[in-house]
Every structure is written in structure tokens, then in C-alpha cells.
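Enquirer:
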Amino acid sequence: MSNSAAAAQARKEAREFQRKHNSWGKAFSQHYWLYIMLIPGIVWMLVFCYLPMGGLIMAFENFSPYAGNGIVECLLKSPKVGFGNFTMLFTGADFVNLLRNTLTISFANLLIAFPAPIILALILNELRLMWFKRLSQTFIYIPHFISLVIVATLTFQLFNVQDGFVYNAIKNVFGNAPDILSDPKMFVWLILGQNLWKETGYGTIIYLSALAGVDPQLYEAAKIDGAGRWNLMWHVTLPSIRGTVVIMLIMKVGALLNTGYEQIFLMQNASNRSRAEVFDTYVYNRGVSQSQYSLATTAGLFKSIVSLIMVLGANHVAKMLGESGLY
Amino acid sequence: MANKQPKASSGFDKRGAGDQVVQVILYIIVAACALVCVLPFLYVFGASFATEREIIERPFFIIPHEFSFNAYVYIARDGAVFNGLKNSIIVTVVGTLINMFVSCTMAYPLSRPYLKGKNFVMNMVIVIMLFSGGMVPSYLLITQLLHLRNTFWALWLPGAMSAFNMIIIKNYFQGIPTELEEAATIDGSNDLMTFIRVILPLSGPVLASVSLFYAVGHWNAYFNAMMYINDQSMEVVQIVLRRIIFLTSSFNESGFDWGDAGSPPSKAVKMATTVVATVPILIVYPFIQKFFTAGVMVGSVKG
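Residue numbers (the working numbering), protein chains in the order written: chain G, 1 to 327; chain L, 1 to 303.
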């Protein structure tokens with residue numbers, strides 16, 4: 001509540017300040033240093049974020065790096081094909097496969113990897129031995145800081161069919177074990193497992209900080225009313241982290257098609273590629289490795305547009321449901 | 001911090017038998033999670049000191065029966081790993097400095113509510129969070145237009161600022177009482193001096209945690225280095241690691257010729273390379289832990 005009061009105060013001050021110097025000349029002469037400080041960031045955004053957006057023209061032409069002198073001329077002179085690339089992408093043999101693989105991995109992440117940190121945070125929140133809680137937190141945060149190359153390495157060392165310890169252990173207990181490194185059907189579980197291992201612990205931080213902010217009086221009051229463990233969880237704890245959950249969910253939904261390049265690229269191989277090719281790796285394999293610039297740009301643009309629609313949509317839905325949303 | 005009140009947890013005072021069983025189960029779950037997170041590292045660390053025969057024969061161990069430093073000797077002789085470490089350190093240190101320079105100089109003006117044109121720039125930032133040109137245009141920009149292939153600039157410049165991290169810093173700057181800034185202005189300080197002498201010294205925690213986010217990102221980054229660096233002398237450690245690991249695995253995809261170097265690296269060498277690439281992160285980890293927790297919480301305050 002003090003937060004919104006402070007925000008209102010800040011807004012009032014802002015208005016007053018703006019009234020005081022409402023001409024650009026005056027603003028510049030008074031705060032020239034602030035404008036100078038903005039230059040590096042703005043130049044960076046223009047060159048590395050907005051200039052590549054111009055490159056999206058490639059999605060509407062048959063881009064050829066030999067159409068002219070230099071990349072800009074090529075971009076302008078390559079033959080325009082309208083929405084031809086989109087037709088080619090949507091009707092191509094790869095598209096259905098790409099969409100299925102991407103959505104399978106995304107929904108597995110959304111359904112399992114998204115709730116996992118919430119559950120773990122709720123469990124950690126119930127622990128009474130503080131030293132135990134802190135020690136476990138130290139351990140479960142570690143994988144977040146490990147590079148995906150090392151995660152891939154560890155996976156290979158533990159799951160390979162020659163001498164992987166986990167592979168052998170499963171085989172000894174159950175008689176046979178799946179070769180998760182090359183079996184296409186296991187690919188989604190491989191990626192999901194890596195994500196769970198790497199990010200579940202770190203993901204608890206934001207929920208734990210939300211849980212720490214719950215007013216203890218709410219618990220006292222509920223207990224006086226006779227609430228048990230589950231009632232406390234259901235009626236006090238969960239509602240108190242709902243806002244955080246919604247914001248995290250919006251971000252997840254917006255990134256639904258972003259399966260990430262690195263992780264999947266590192267785990268892809270010739271035997272599991274049928275299930276392992278997703279939009280992100282397709283853009284790399286077609287665009288960068290095989291120089292099919294226009295097709296890859298089209299696939300990337302399709303993905304960006306769908307993501308944009310989804311994040312705006314999720315934000316809108318959250319606001320309709322009375323949550324604060326992202327912006 | 002160490003208050004004994006059971007307030008943060010849902011604090012059950014009645015300790016019935018059923019409740020105790022639930023508690024024990026919860027402890028077991030958490031302990032299992034913690035073990036799963038660290039055991040792979042302990043195994044790899046132990047195995048890197050083991051003999052080749054022991055790695056193949058014993059299913060799982062943390063302390064080898066027979067210690068051998070051969071893997072590390074091999075790494076030291078080969079030189080590629082240390083060259084990779086050196087390059088990674090350069091990339092991480094310079095990259096983080098560039099990140100912090102661009103992010104802070106952007107965050108301070110945007111944190112001033114009176115700045116005319118602030119909303120326009122802020123909208124530019126929000127747009128880049130929501131939409132991008134994608135990989136292919138960026139790739140062509142860096143390789144064809146700017147000609148940054150095989151330079152570290154290709155690793156530093158494309159991600160010189162993360163909009164998300166910049167907003168974390170901006171929010172922190174906004175929380176610094178304006179009286180301090182006004183006092184400096186009355187004393188005749190210009191905006192730049194106020195920023196350097198007043199704002200930055202007060203922002204230690206957020207600068208530390210955001211630097212760490214950036215630094216860990218640079219250290220772990222693999223994909224850009226793979227795309228833009230072909231020169232073997234400029235390889236970062238993650239690239240070296242992947243090359244060595246994948247070399248003799250069953251998914252051998254490159255016919256890399258070891259030539260005079262002899263046989264391909266053994267299992268222990270893979271383990272030792274993993275250790276060498278991981279240890280720098282694990283060494284700084286205890287120091288950064290308090291910062292990143294603070295950083296995530298600062299970031300969760302939206303604005």
C-alpha cells in the first residue's frame with residue numbers, strides 16, 4: 001500500500017517537473033548529460049535490435065547474397081515473392097513435424113517444469129529446521145549456474161549406453177533401459193529432465209520471496225478458525241502467491257515457442273532428429289548452416305509473431321481475471 | 001536473519017503424529033532434490049582423478065581407490081583447455097564491463113521521472129523485449145555488414161544490454177531518495193557527476209547482482225561462440241569442452257584428427273575437462289549466492 005502511495009507521489013512529482021520544463025530546448029540544456037548517457041544504449045538498440053528487424057524483408061523475398069554489392073543492396077535487389085515463403089513453409093514437409101516437436105516440448109515444460117518450482121517452494125516453506133533449509137537451497141540453486149554444455153556433458157556421462165551410471169542402474173533394476181540419448185521418442189523427456197534438474201531449484205527463489213511476504217497474522221487467524229495444514233495451504237498460502245504465479249505464467253506462455261537453441265542443439269543427433277528439430281534449431285540449421293536465408297527468416301518471423309500474440313493475449317487474459325499483468 | 005519465530009513457514013505448533021510423518025516425508029523429498037543436484041558433480045570430480053580402468057569397472061563412486069592425475073597432466077600438455085579458459089576470462093570480464101556500461105548509462109536517465117522523452121525510449125526498450133528480427137538477420141548483420149566474425153566483438157556486442165537487467169537497475173535507481181540527488185544538484189553537481197558520485201556508490205547490491213547475471217551468462221555462453229568464432233586459438237572454454245566430450249562419444253560427428261597428439265582423450269580427460277570448466281563457477285558460487293537472491297527479488301518488483 002505504501003508502494004502505491006509512493007508511486008502516486010512519484011507520478012505527481014513527475015508531472016510537476018514536466019510542467020516546469022515543457023520545452024525540448026530547455027530539457028536538453030538542463031539535462032544534457034542525461035541525454036548523452038542515453039546515446040550508447042539507443043545506438044546499440046538501433047544497430048543490434050531494430051536494424052535486424054529490417055532484415056525481416058528477407059521473409060518476403062527470395063534473398064540471394066549475390067543479388068548486389070554488399071548485404072544492404074542484396075536485401076533491396078533480391079526478387080520479391082510476397083507471401084510465397086510463408087506458403088512454402090506452411091505446406092512444406094517439415095512444418096507439421098516442427099510444430100509437433102516444438103509444441104510437445106513446450107507443453108511438457110509448461111505442464112511439468114512450470115509447476116515444479118512452485119511445489120518445491122511450498123515444500124521448502126514447510127521446513128522448520130532453518131539450517132537444513134538453507135543448506136538444501138544452496139545445493140538446489142547450483143545447477144542454474146552451470147552451462148548447457150556441461151549439462152549436456154553430464155547427461156552423456158550418466159546416460160550413455162556403454163558405461164553411463166544411471167543407464168546401467170535402471171537396466172539392473174528393471175531389466176532394460178531406454179537409450180534416452182538417441183531414442184527419438186525419449187527426446188522430450190530428455191529435455192524436460194534437463195530443465196527440471198537445472199531450473200527447478202532456482203525457480204523457487206521468486207516464490208519463496210513471495211511466501212516470505214505473507215502476513216503471519218493470516219495464519220494465526222486461520223488456525224484460530226480451525227484450519228488444518230491443507231486448509232492453510234489452500235486458503236492462505238496459495239492465494240498469497242497467485243500474483244507471482246500469474247506473472248511467471250504469462251512469461252512462460254509468451255515464450256511457448258522459444259524452446260531455446262542451445263540446449264536442443266546440443267542434444268540433437270542423427271538418430272533423434274525426427275523429434276528433436278524445433279523452430280529454433282530449424283532456423284539455425286537452415287539459415288546459418290545451409291544458407292537458406294529466406295526460408296529460415298520466414299520460420300523465425302512466424303515464431304516471433306505467434307509469440308508476440310501469445311504474450312499480449314496472456315497479459316490481456318490475466319488483466320481480465322483481475323491480476324496485475326506484466327505491463 | 002536467524003530469528004527463531006516460525007513465522008515465515010505456515011508454522012504448525014501442534015505436532016501430531018500425522019503431522020510429524022508429513023514433515024519427515026518433506027525432509028526426505030528436499031534432501032533427495034539436493035542430492036540429485038550435487039551428485040553428478042561429485043561423481044565427475046571423483047572420476048577425473050580415477051584411472052581409466054576404475055571408471056569402466058566401478059558403476060558409481062565418489063572417492064576413487066587409486067588416485068591418478070594423468071587426466072590433468074594431459075589437459076595441461078594439450079593446452080587447448082587453458083587457452084579456452086584464458087579466452088573465456090577475457091570474454092567474461094570485458095563483456096561484463098560493456099554490459100554494465102551500456103545498462104547503467106541507459107538505466108539512470110530512464111529512472112529520472114522528469115526526463116522529457118523518457119517514455120519514448122522506454123517503449124523502444126519494451127519493443128525489443130517483445131519482438132526481435134530473429135537469428136538470421138542478426139547473423140547476417142554481424143558477419144556481412146559489421147564483419148565481426150572471428151573477433152570477440154561478435155560475443156560482446158549483440159548482447160551488450162539485456163532489457164530485463166537494465167530495468168532491474170532502473171528500478172533500483174528509482175528507489176534512491178530524490179533528496180540526495182537534489183542536494184548534489186544544489187551543490188553544483190551536474191547530472192553525470194551526480195550519477196557517478198551519488199547514485200552508483202549507493203547501488204552496490206544491484207550492480208553486484210546484475211554484473212553476476214551478465215558474467216555467468218558470458219562464461220556459460222556457447223552458441224554465439226560456435227556461430228561466430230572458427231579460429232581455434234580464439235575458442236572459449238565451452239567450445240573446447242564440447243569438442244573434447246563429443247570426440248569419442250558414440251555420437252562422433254566430426255572426424256577430428258588428433259594427429260601426433262596420439263589417441264583421443266580418455267574418459268578421465270572428459271571428466272577432468274568438465275571439472276576445469278565448472279570449477280570457476282563453483283568457486284565464486286558461495287560469494288554470489290546472497291547477491292543473486294537479492295537480484296531476483298529486486299527484479300520481481302516490476303516497473
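Here a beta-carbon is modelled for each residue, glycine too, at the ideal position from N, C-alpha and C.
Might you give, ordered along the chain, the residues of its own chain that have their beta carbon closer than 6 Å to the beta carbon of I36(G), omitting 5 neighbours on each side?
Expert: Once the five neighbours on either side are set aside, I36(G) has no close Cβ partner at all.
Enquirer: Rounding to the nearest angstrom, what Cα-Cα distance links K133(G) and L26(L) in this structure?
Expert: K133(G) and L26(L): Cα-Cα distance of roughly 11 Å.
Enquirer: Does the region 104 to 122 of chain L come into contact with the region 164 to 175 of chain L, if we say contact requires no fewer than three beta-carbon pairs (one atom in each stretch) closer than 8 Å?
Expert: Verdict: yes, contact present.
Enquirer: Which same chain residues, not among the five before or five after Y214(L), have their C-beta less than 6 Å away from its C-beta?
Expert: These residues qualify, in order along the chain: T96, N99.
Enquirer: From which residue to which residue does the alpha helix (DSSP H) around Q217(G) run?
Expert: It spans 216 to 224 - the alpha helix (DSSP H) in which Q217(G) sits, taken as one unbroken run.
Enquirer: Could you have a look at N116(L) and say whether DSSP puts it in helix, strand or coil?
Expert: With the sequence shown as reference, residue 116(L) is identified as Lys, and Asn is not the correct amino acid for it. K116(L): coil per DSSP, three-state reduction.
Enquirer: I want to verify the contact list: residues of chain L whose CB lies under 7 Å from the CB of T297(G), in sequence order.
Expert: Per Cβ cutoff of 7 Å: G134, V136, P137.
Enquirer: Which of the three DSSP states is assigned to E61(G) in this structure?
Expert: In the structure shown, E61(G) sits in a strand (DSSP, three-state: E or B).
Enquirer: Could you compute how far the alpha carbon of V127(L) sits from the alpha carbon of F101(L)?
Expert: Their backbone Cα atoms lie some 21 Å apart in a straight line.
Enquirer: Sorted by chain position, which residues of the same chain lie with C-beta nearer than 8 Å to E199(G)'s C-beta, five sequence neighbours on each side aside?
Expert: A113, P117, P143, H144.
Enquirer: Note down the Cα distance separating M64(L) from I28(L), rounded to an integer number of angstroms.
Expert: Reading off the sequence shown, one finds Pro at residue 64(L), where the question assumed Met. Using only the alpha carbons, I get a separation of about 28 Å.
Enquirer: For a minimum of 4 consecutive residues, which ranges assigned as the alpha helix (DSSP H) are wholly contained in the region 120 to 178 of chain L?
Expert: Correct list: 135 to 140, 153 to 156, 163 to 175.
Enquirer: For chain G, is any of its Cβ atoms less than 8 Å away from the one on Q232(L)?
Expert: So no, Q232(L) is outside the interface.
Enquirer: What do you reckon, are the CB atoms on V269(L) and I239(L) nearer than 8 Å?
Expert: No, these two residues do not count as a Cβ contact at 8 Å.
Enquirer: Going by the DSSP bridge assignment, what does K80(G) pair with across the sheet?
Expert: In DSSP, K80(G) forms a bridge with E61(G).
Enquirer: Among S162(L), A277(L), H147(L), whose alpha-carbon lies nearest the alpha-carbon of L130(L)?
Expert: Checked all of S162(L), A277(L), H147(L); the closest Cα to L130(L) is S162(L).
Enquirer: Got a sec: is the Cβ-Cβ distance from G287(G) to anything in chain L below 8 Å?
Expert: Chain L, which has a Cβ nearer than 8 Å to the Cβ of G287(G), makes this yes.
Enquirer: For A34(L), would you say it is in contact with chain G, using Cβ-to-Cβ distances shorter than 8 Å as the test?
Expert: Yes, A34(L) counts as interfacial toward chain G.
Enquirer: Go ahead and pull the three-state DSSP assignment for F41(L).
Expert: Helix.
Enquirer: By Cβ distance, which residues of its chain are closer than 8 Å to V301(L), with the 5 residues on each side in sequence left out?
Expert: Reliability of the predicted coordinates at V301(L) is poor, the pLDDT of 46 falling under 50, and the value obtained from them is presented with this limitation in mind. Taken in chain order, the residues that qualify are N171.
Enquirer: Could you tell me whether any Cβ in chain G is nearer than 8 Å to the Cβ of A31(L)?
Expert: Cβ-Cβ to chain G under 8 Å: yes for A31(L).
Enquirer: Is it buried or exposed for A314(G), if we count other Cβ within 10 angstroms and need 16 for buried?
Expert: Counting Cβ neighbours within 10 Å, A314(G) comes out buried, since at least 16 surround it.
Enquirer: Which runs of the alpha helix (DSSP H), 4 residues or longer, sit entirely within the region 56 to 92 of chain L?
Expert: Counting whole runs of 4 or more residues, the region 56 to 92 of chain L contains the alpha helix (DSSP H) stretches 70 to 78.
Enquirer: If distances are taken between C-alpha atoms only, which option among N62(G), F174(G), L181(G), F83(G) comes closest to F159(G)?
Expert: Among N62(G), F174(G), L181(G), F83(G), the Cα nearest to that of F159(G) is on L181(G).
Enquirer: To which residues of the same chain is Y72(L) closer than 6 Å at the C-beta, ignoring the five residues directly before and after it?
Expert: Answer for Y72(L): A272, listed in chain order.
Enquirer: Of all the CB atoms in chain G, is at least one closer than 8 Å to the CB of L305(L)?
Expert: Summary: the structure shown does not reach residue 305(L), with chain L confined to residues 1 through 303, and so no result is reported for it.
Enquirer: Within the 8 Å Cβ cut-off, does M1(G) reach chain L?
Expert: Below a pLDDT of 50, predicted positions are generally treated as unreliable, and M1(G), at 46, falls in that range; the measurement from the model is reported next regardless. Chain L contact via Cβ: absent.
Enquirer: Using the three-state DSSP reduction, which class does R134(G) fall into: helix, strand or coil?
Expert: Helix at R134(G).
Enquirer: Specify, as a first and last residue, the run of the alpha helix (DSSP H) that P52(G) falls within.
Expert: It spans 51 to 54 - the alpha helix (DSSP H) in which P52(G) sits, taken as one unbroken run.
Enquirer: Taking the C-alpha atoms as reference points, what is the distance between A221(G) and L232(G)?
Expert: Distance between the alpha carbons of A221(G) and L232(G): 10 Å.
Enquirer: Nearest to W156(L) by alpha carbon, out of Y228(L), P286(L), D191(L), K267(L)?
Expert: Considering only alpha carbons, the answer is Y228(L).
Enquirer: According to a CB-to-CB cut-off of less than 8 Å, which residues of the region 149 to 173 of chain G neighbour chain L?
Expert: Listed by position, the residues of the region 149 to 173 of chain G near chain L (Cβ gap below 8 Å) are V149, I150, A152, T153, L154, F156, Q157, L158, N160, V161, Q162, D163, F165, N168, A169.
Enquirer: According to DSSP, is A67(G) part of a helix, a strand, or is it coil?
Expert: Coil at A67(G), not helix or strand.
Enquirer: What does the alpha-carbon distance come out to for the pair I283(L) and V275(L)?
Expert: Distance between the alpha carbons of I283(L) and V275(L): 11 Å.
Enquirer: Helix, strand or coil: how does DSSP classify R275(G) here?
Expert: Three-state DSSP puts R275(G) in a helix.
Enquirer: Kindly list the residues whose CB is nearer than 6 Å to the CB of E253(L), restricted to its own chain and excluding five residues on each side of it in sequence; keep chain order.
Expert: Note that E253(L) scores 36 on pLDDT, short of 50, meaning its location in the model is unreliable; the coordinates nonetheless yield the value given after this. Within the same chain, E253(L) has no close Cβ partners at all.
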